[in-house]
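Okay, so here's the structure we're looking at.
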Amino acid sequence: MLSRVANSIYWMNRYLERAENAARMIESQLHMMLDLPSLREDPEAWKPLVDITGDEEYFTEKLGAPTRENVMFFHTFDGSYAHSIKSCLTAARENARSIREVIPSEIWEKINKLYLDVAGMGTSIRAFKDPHKFYSDIKMACHLIMGIAYTTMSRGEGWHFAQLGRYLERADKTSRILDVKYFIILPRLDYVGSSMDSVQWSALLKSTSSFEMYRKRFNLISPENIVDFLVFDREFPRSILFCVNQAEQALYKIMGTPVGTFNNDLEKQFGKLSGKLNYTNVTEVMNFGLHQFLDGVQSDLNELGEAVHENFFAIKQVTDSNRYGNQSHNQSQSQYQ
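The sequence shown begins at -18 in my numbering and counts up one residue at a time.
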């Protein structure tokens, strides 16, 4: 497969996952505001959705206070912000357009329609008028695109690059959402164990579509159980461990390397992160510090993303010595004949 094609498939899926996660977070926040009416009067209620991006300085400089309208615009329609839903869908659409001959036509059509639904005239008015439906529609459209891919794409290299991009992005977003909840959304100790605490933890589960599966597994809301479920569950498709394991399997399929071995630094990096997650438990994490652990996981995921780029997509510079090495060698040979 051409590097250009693999790169487009990989990033098309990362951008779709990123857009869906942004819609998911805003939808969860809107539901939490309904469950806790007192938050509507809190000027800082929407600030965590800015903190989760790590781009607070950009937001403050451009939009000012973290009001409901400003945060929704920032995450959805800000075309100059690279991680807004509009920017992600623009990038996903451009990547899909460049590989229309490779992906099923239904995928291109649905991505193009989703882009037009978000970037079209008057969309922002519709979003602010009925935000619950607007963000739910984005989330379901992304699910539809993934479902079409699952049922129509051949399980070749293209499919494995799609899986690699999707699961790396999903693992990163799950770690960030969990990290922000634990250290920003709930800074006051007097909230612990309160009804507000339960509502916020439930909102966290809903933002990762894990609320119902968590309740079937653990029943009662418990911070330690939630961390265990979202980080270490081997069966839930949005847990960090599940995502890393799936991404690693995709890499092995691409490289043709036997599972459990490595032939390069990229596979070695994946093995290290997979080992950290597979052979650690929630008790060790809580004793070590959840923030410190998740921060390390995020750094590992960022390094993996860079390593994937360097191994598969980066244009290698050809030095003059390499470019003209054969010519110089031939010339030196002729001198001694």
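Don't be surprised by glycine CBs; every beta carbon is placed ideally from N, CA and C.
Residue i versus the options, residue with shortest Cα-Cα distance
i	options	result
residue -14	4, 45, 76 and 158	76
residue 13	187, 111, 194 and 79	187
residue 109	7, 249 and 245	7
residue 22	82, 49 and 38	49
residue 282	85, -9 and 149	149
residue 252	267, 271, 265 and 231	231
residue 209	237, 265 and 226	265
residue 126	89, 117 and 223	89
Nonlocal neighbours in the same chain, by C-beta distance under 8 angstroms from residue i, ignoring five residues either side
i	result
residue 66	0, 3, 4, 56, 57, 58, 99 and 119
residue 346	No answer is possible for residue 346: it lies beyond the span of the chain, which begins at -18 and ends at 318.
Local Cβ density within 10 Å of residue i, reported as buried at 16 or more and exposed below that
i	result
residue -12	buried
residue 141	buried
residue 280	exposed
residue 136	exposed
residue 216	exposed
residue 269	exposed
residue 139	buried
residue 183	buried
residue 196	exposed
residue 114	exposed
residue 275	buried
residue 245	exposed
residue 218	exposed
CB contact below 8 angstroms: residue i versus chain C
i	result
residue 77	In the structure shown, chain C cannot be found, because there is only a single protein chain.
Nearest-angstrom Cβ-Cβ length linking residue i and residue j, presumed shorter than 8 angstroms
i	j	result
residue 145	residue 289	7 angstroms
residue 155	residue 220	7 angstroms
residue 213	residue 263	6 angstroms
residue 11	residue 180	No, residue 11 and residue 180 are not in contact; Cβ-Cβ is about 13 angstroms, not under 8 angstroms.
residue 107	residue 93	Actually they do not touch by this definition, with Cβ atoms about 19 angstroms apart.
residue 122	residue 95	5 angstroms
residue 160	residue 272	6 angstroms
Chain-order list of residues whose beta-carbon lies under 6 angstroms from that of residue i (same chain, five-residue window excluded)
i	result
residue 292	247
residue 190	none
residue 72	-4
residue 20	14 and 26
residue 233	240
residue 228	145, 148 and 149
Nonlocal neighbours in the same chain, by C-beta distance under 7 angstroms from residue i, ignoring five residues either side
i	result
residue 278	156 and 221
residue 171	In this prediction, residue 171 scores a pLDDT of 49, lower than 50, which makes its location untrustworthy; the coordinate-derived value is nonetheless stated afterwards. Here the set comprises nothing.
Closer than 7 angstroms: residue i CB and nearest the ligand HEM heavy atom
i	result
residue 188	Summarising the ligand content, the structure contains no ligands, and the ligand HEM is consequently not present.
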